[in-house]
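Colleague:
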Amino acid sequence: MADITADPARTRARAWNSDEARARTRKRYAAERRFRMYGIAALCFATAFLVILFTTIIGTGWTAFLQSKFLLNVTFAEDVIAPDGKRDEQTLRLANWDKIARTALYQVIGANEADRKERKDANELLSRGIDVQLRDMVLASPDLIGQTKPVWLLAQGNVDALLKGAIDRDIPEDRRQLNNRQLAWVDAAVDKGILAKKFNTGLFTFGASSQPETAGLLVAIVGSFFMMLTVALLAVPIGVAAAIYLEEFAPKNRWTDLIEVNINNLAAVPSIVFGLLGLAVFISFMGLPRSASLVGGLVLTLMTLPTVIIASRAALTAVPPSIREGALGVGASKMQAVFHHVLPLALPGIMTGTILGLVQALGETAPLLMIGLVAFVVDVPSTPLEPATALPVQIYMWASSAERGFVERTAGATIVLLGFLFIMNALAVFLRRRFERRW
Amino acid sequence: MSTTGAKAPSGKVIKMIKRSFLMATVAIASLAAAGTAAQARDQIQVAGSSTVLPYAQIVAEEFGKTYSNFKSPVVESGGSSAGLKQFCQGVGAETIDVANASRKIKESEVKACAEAGVKDIIEVKFGYDGIVFASDAKADSFAFEPKDWFLALAPQIVVDGKLVDNPNKTWKDVNPNFPAWEIAAYIPGEKHGTREVFEEKVLEAGCEASGTMEAMIAGGMDKKAAGKACMQVRKDGKAVDIDGDYTETLARLASNPQGIGVFGLSFYENNTDKLKVATMSGVSPSVETVASGEYPVSRPLFFYIKKAHIGVIPGLKEYAEFFVSEKMAGEDGPLAAYGLVPLPANEAEEVQNAVKNETTMGM
Numbered sequence: 020m021a022d023i024t025a026d027p028a029r030t031r032a033r034a035w036n037s038d039e040a041r042a043r044t045r046k047r048y049a050a051e052r053r054f055r056m057y058g059i060a061a062l063c064f065a066t067a068f069l070v071i072l073f074t075t076i077i078g079t080g081w082t083a084f085l086q087s088k089f090l091l092n093v094t095f096a097e098d099v100i101a102p103d104g105k106r107d108e109q110t111l112r113l114a115n116w117d118k119i120a121r122t123a124l125y126q127v128i129g130a131n132e133a134d135r136k137e138r139k140d141a142n143e144l145l146s147r148g149i150d151v152q153l154r155d156m157v158l159a160s161p162d163l164i165g166q167t168k169p170v171w172l173l174a175q176g177n178v179d180a181l182l183k184g185a186i187d188r189d190i191p192e193d194r195r196q197l198n199n200r201q202l203a204w205v206d207a208a209v210d211k212g213i214l215a216k217k218f219n220t221g222l223f224t225f226g227a228s229s230q231p232e233t234a235g236l237l238v239a240i241v242g243s244f245f246m247m248l249t250v251a252l253l254a255v256p257i258g259v260a261a262a263i264y265l266e267e268f269a270p271k272n273r274w275t276d277l278i279e280v281n282i283n284n285l286a287a288v289p290s291i292v293f294g295l296l297g298l299a300v301f302i303s304f305m306g307l308p309r310s311a312s313l314v315g316g317l318v319l320t321l322m323t324l325p326t327v328i329i330a331s332r333a334a335l336t337a338v339p340p341s342i343r344e345g346a347l348g349v350g351a352s353k354m355q356a357v358f359h360h361v362l363p364l365a366l367p368g369i370m371t372g373t374i375l376g377l378v379q380a381l382g383e384t385a386p387l388l389m390i391g392l393v394a395f396v397v398d399v400p401s402t403p404l405e406p407a408t409a410l411p412v413q414i415y416m417w418a419s420s421a422e423r424g425f426v427e428r429t430a431g432a433t434i435v436l437l438g439f440l441f442i443m444n445a446l447a448v449f450l451r452r453r454f455e456r457r458w
Numbered sequence: 003m004s005t006t007g008a009k010a011p012s013g014k015v016i017k018m019i020k021r022s023f024l025m026a027t028v029a030i031a032s033l034a035a036a037g038t039a040a041q042a043r044d045q046i047q048v049a050g051s052s053t054v055l056p057y058a059q060i061v062a063e064e065f066g067k068t069y070s071n072f073k074s075p076v077v078e079s080g081g082s083s084a085g086l087k088q089f090c091q092g093v094g095a096e097t098i099d100v101a102n103a104s105r106k107i108k109e110s111e112v113k114a115c116a117e118a119g120v121k122d123i124i125e126v127k128f129g130y131d132g133i134v135f136a137s138d139a140k141a142d143s144f145a146f147e148p149k150d151w152f153l154a155l156a157p158q159i160v161v162d163g164k165l166v167d168n169p170n171k172t173w174k175d176v177n178p179n180f181p182a183w184e185i186a187a188y189i190p191g192e193k194h195g196t197r198e199v200f201e202e203k204v205l206e207a208g209c210e211a212s213g214t215m216e217a218m219i220a221g222g223m224d225k226k227a228a229g230k231a232c233m234q235v236r237k238d239g240k241a242v243d244i245d246g247d248y249t250e251t252l253a254r255l256a257s258n259p260q261g262i263g264v265f266g267l268s269f270y271e272n273n274t275d276k277l278k279v280a281t282m283s284g285v286s287p288s289v290e291t292v293a294s295g296e297y298p299v300s301r302p303l304f305f306y307i308k309k310a311h312i313g314v315i316p317g318l319k320e321y322a323e324f325f326v327s328e329k330m331a332g333e334d335g336p337l338a339a340y341g342l343v344p345l346p347a348n349e350a351e352e353v354q355n356a357v358k359n360e361t362t363m364g365m
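Here the protein sequences come in this chain order: G and Y.
Residue 20 is where the first sequence starts when you use this note's numbering, and the numbers rise one by one after that.
Residue 3 is where the second sequence starts when you use this note's numbering, and the numbers rise one by one after that.
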């Protein structure tokens with residue numbers, strides 16, 4: 020020490036107002052500024068990618084919420100629909116609905132019905148799904164038979180893609196999906212106002228379909244809903260109960276340490292493994308049906324449980340011991356102390372953790388692959404035991420379809436999924452803000 | 003929520019928690035009930051080839067529309083091999099009813115099926131699919147021979163009578179008529195049925211045509227080993243295996259406009275504006291040229307039905323009959339409109355009869 024102070028140069032260097040000290044301070048400030056800049060740069064980088072993601076998805080996907088439709092004066096001719104006068108469901112189901120729609124179409128676009136090629140070209144303008152559309156109208160109100168009514172009918176996927184600019188008009192006819200005659204018809208129909216883009220309700224009311232114009236998300240939304248319901252009903256009580264026991268009642272020994280480590284490990288297991296487990300246990304051993312959303316929900320429950328337990332334990336630990344001690348001090352039993360005082364205070368944290376677990380489960384595809392939920396399902400399930408798909412699965416399936424119309428639908432479905440995730444995250448933030456307590 | 007406030011919701015909280023425990027119990031109980039209910043499945047389950055998937059989807063959709071008393075079948079994809087593996091897991095409501103395949107079932111698979119109790123299998127061939135070679139729409143068009151592909155992709159070829167490591171770097175090295183593009187071929191990965199057809203009809207044929215097969219046999223290999231060696235693909239990055247589907251191949255071409263991709267005919271027909279198709283042995287691929295057999299690279303498409311499930315799973319036989327009916331798989335049907343090459347009339351009738359009579363394999 021003595022020889023340090025004895026060195027005059029060093030003494031000067033240690034003085035707070037010496038040049039060296041100022042240089043050091045500047046250096047420290049510069050380091051801090053640099054660190055802040057790195058932070059801002061990192062944030063900008065992340066934000067830029069988020070912006071790119073959102074602009075591409077919304078840019079390609081917003082058109083999925085619009086669908087091209089023809090306004091046709093459809094005559095529900097009795098001799099075509101029910102020639103023998105019978106109006107039972109089977110007759111109506113097998114009636115030639117295409118014919119009445121096509122007749123109306125030939126009239127407005129002026130197609131020559133006698134020419135087979137021309138008739139085929141005209142038929143290709145209308146979706147193959149119009150028969151269901153007309154049939155459901157008549158099944159709902161059989162009085163329509165014999166009347167003429169203007170109806171908005173779905174245009175074929177390529178017509179839709181053309182109106183949305185996804186098909187290039189300038190490429191040679193032989194490589195274009197629509198030929199010159201069809202192009203002329205479409206342009207004339209748009210000019211007349213009988214072909215227009217309307218809000219696409221079908222995106223939310225149709226199930227899976229091989230044609231983009233009749234493909235919708237309903238089966239996926241219902242399937243995801245059933246799965247979330249199963250997860251919420253099973254993972255929350257089991258997870259919270261496990262967390263309460265581990266945190267409040269369990270003795271601290273090797274066994275509980277082992278359990279704790281394993282729960283943390285379980286949270287890090289790749290999700291596909293849960294799918295394999297689900298296949299082995301729920302389908303092969305328990306005999307539950309393949310492709311059922313219940314099985315999906317069970318697998319996702321297993322996947323979400325560790326998250327719920329960890330979040331719940333963290334929330335319980337955050338409640339100060341004085342609350343417990345106060346309750347015990349006035350004579351509450353341990354269970355009363357936990358259920359009357361600790362749990363209500365920990366609840367906001369538990370709910371936030373649970374919702375984040377559900378959000379994770381909602382976006383999961385890999386574990387569903389093994390248990391048959393990555394499937395083409397047309398009929399909307401009415402119970403969790405019927406075949407269904409999930410929203411992320413539908414995105415995956417549409418992404419690999421060949422037709423042009425599925426490109427925008429893939430992005431459209433992504434927007435819907437992001438919407439659900441956003442709502443759930445907002446709910447978690449709201450719950451935290453509204454009820455969270457700090458000590 | 004203050005400490006005094008915390009008292010108020012506590013009663014509710016307990017009730018809520020008790021209720022959710024109750025609900026969990028109910029849910030678990032219903033699980034057990036479901037286990038027994040699973041025996042009565044009323045929906046056909048299909049799995050298998052991703053090439054067959056779009057066709058199966060169209061049929062499933064139309065089937066549900068046409069028959070009010072049956073539900074629409076559920077179709078999964080995942081590849082021919084994966085589908086047949088699932089198919090061969092056994093008989094019963096928890097196993098699938100139909101497997102789609104873009105190749106014929108193998109001996110080993112039939113054996114595996116029989117061991118698991120799936121003895122009577124009905125094989126249904128419903129059409130053909132062409133395999134096309136295409137480049138980016140703005141690029142030059144190619145006129146390939148199988149030989150060109152072999153010389154571009156084989157690990158070893160014959161130069162001056164000797165087997166050497168493939169020296170070809172660009173397509174111009176392969177054939178002086180081609181542009182000097184770096185060789186970048188996006189071929190289907192090994193889990194795809196398409197790969198097998200590509201190996202057999204393009205690489206092996208090219209191997210023979212280029213005289214490499216002969217050189218290999220002359221070099222002391224037996225015929226079988228030479229055939230196998232012919233189907234190898236070079237591993238230096240010039241041939242890229244695509245394990246995803248054709249949309250991935252399309253994306254690869256978009257990022258590398260000097261690449262050449264392998265597609266299914268139906269995928270190409272839906273993307274004619276983005277792809278330029280190459281001719282093979284002088285024939286341009288189309289539904290007509292594949293049907294007539296002029297276009298050399300095509301393969302039959304199949305689906306397999308468990309006979310034991312007919313009469314147990316409602317609508318299974320009707321589904322099979324509907325699939326091969328003139329209305330669906332015929333020349334003017336929706337499958338042909340999507341890009342399926344329909345069976346010739348006499349063959350189609352044979353298949354329809356086989357389905358009607360539930361003719362199993364090996365009978």
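Glycine residues also receive a C-beta, built at the ideal position from the N, C-alpha and C atoms.
Small disclaimer: the values here were computed from a predicted structure and weren't measured.
1) What does DSSP give as the partner residues of Y/Gln301 in its beta bridges?
2) If we ignore side chains and look at the alpha-carbon of each, how far apart do Y/Glu184 and G/Ala50 end up?
3) Can you tell which of G/Arg112, G/Leu321 and G/Ala234 has its C-alpha closest to the C-alpha of G/Leu298?
4) Counting only beta-carbon atoms, is Y/Thr196 nearer than 7 Å to chain G?
5) To the nearest angstrom, how far is it from the Cα of Y/Tyr297 to the Cα of G/Ile76?
6) Checking contacts by CB at 7 Å: is G/Ala394 closer than that to chain Y?
7) Do G/Leu237 and G/Val399 have their C-beta atoms closer together than 7 Å?
8) Whose Cβ in chain Y lies nearer than 7 Å to the Cβ of G/Ile71?
9) Grouping DSSP H, G and I as helix and E and B as strand, with all else coil, what is Y/Pro11?
10) Going by DSSP, what residue range makes up the alpha helix (DSSP H) through G/Trp204?
11) Roughly how many angstroms separate the alpha carbons of Y/Lys73 and G/Ala334, rounded to a whole number?
12) If you measure between the beta carbons of Y/Gly129 and Y/Leu342, is that distance less than 7 Å?
13) Distance, Cα to Cα, G/Gly507 vs G/Val338?
14) Should G/Pro191 go down as buried or exposed, given a rule of 16 or more other Cβ atoms within 10 Å for buried?
15) Counting only C-beta atoms, is G/Glu39 closer than 7 Å to chain Y at any point?
16) At 7 Å on the CB atoms, spell out the chain G contacts of Y/Asn273, in chain order.
17) Using a Cβ-Cβ distance cut-off of 7 Å, determine whether G/Ser229 contacts chain Y.
18) Between the C-alpha atoms of G/Thr66 and G/Val448, what's the straight-line distance to the nearest angstrom?
19) Please go through the same chain and pick out, in chain order, the residues whose beta-carbon is closer than 7 Å to the beta-carbon of G/Asn444, but skip the five residues on each side of it.
20) Anything in the segment 145-163 of chain G with a Cβ closer than 8 Å to a Cβ of chain A? List those residues in chain order, please.
21) Check this for me: beta carbons of G/Gly424 and G/Ala180, under 7 Å apart or not?
22) Considering G/Asp187, what are the terminal residues of the beta strand (DSSP E) in which it resides?
23) Against chain Y, with Cβ distances strictly below 7 Å, would G/Gly391 count as a contact?
24) What residues of chain G sit near Y/Phe43, judged by a beta carbon separation below 8 Å?
25) Chain G partners of Y/Thr249, CB-CB under 7 Å?
26) Just list the residues that DSSP pairs Y/Gln59 with in beta bridges.
27) Y/Thr38: buried (16+ other C-beta within 10 angstroms of its C-beta) or exposed?
28) List the residues of chain Y that G/Pro340 touches, going by C-beta distances under 8 Å, in chain order.
29) Quick check: the Cα distance between G/Gly58 and G/Gly350, rounded to an integer number of angstroms?
30) Report yes if the CB atom of G/Ala262 is closer than 7 Å to the CB atom of G/Arg332, and no otherwise.
31) If I measure Cβ to Cβ from G/Ile369 and keep anything under 7 Å in the same chain, skipping five residues before and after, which residues do I get?
32) Measuring only the C-alpha atoms, how far is Y/Ala40 from G/Ser146?
Modeller: Per the coordinate set shown:
1) According to the sequence provided, residue 301 of chain Y is Arg. The question's Gln does not apply to it. DSSP, once it has assigned bridges, lists Y/Asp131 as partnering Y/Arg301.
2) 48 Å
3) G/Leu321
4) no
5) 40 Å
6) yes
7) yes
8) Within chain Y, no residue comes near G/Ile71; the closest Cβ sits about 17 Å away, beyond 7 Å.
9) In this prediction, Y/Pro11 scores a pLDDT of 47, lower than 50, which makes its location untrustworthy; the coordinate-derived value is nonetheless stated afterwards. DSSP places Y/Pro11 in helix when its eight states are reduced to three.
10) Asn199 to Lys211
11) 47 Å
12) yes
13) The structure shown does not extend to residue 507 of chain G, since chain G is modelled only from 20 through 458, so no value can be given for it.
14) exposed
15) no
16) Ala421
17) yes
18) 20 Å
19) Val378
20) Of the chains in the structure shown, none is chain A; the protein chains are G and Y.
21) yes
22) G/Asp187 -> no beta strand (DSSP E), and no H or E assigned at all.
23) yes
24) Per the sequence presented here, residue 43 of chain Y reads as Arg, with Phe not at that position. The answer, in chain order, is Pro308.
25) Ala418 and Ser419
26) Its beta-bridge partners do not exist; DSSP assigns none.
27) At Y/Thr38, the pLDDT of 48 sits below 50, so the modelled position is not reliable and the matter cannot be decided from this model.
28) Those do not exist, as G/Pro340 stays about 14 Å from chain Y at its closest Cβ, beyond 8 Å.
29) 52 Å
30) yes
31) Val259, Ala330, Ser331 and Ala334
32) In this prediction, Y/Ala40 scores a pLDDT of 46, lower than 50, which makes its location untrustworthy; the coordinate-derived value is nonetheless stated afterwards. Approximately 36 Å, taken between the alpha carbons.
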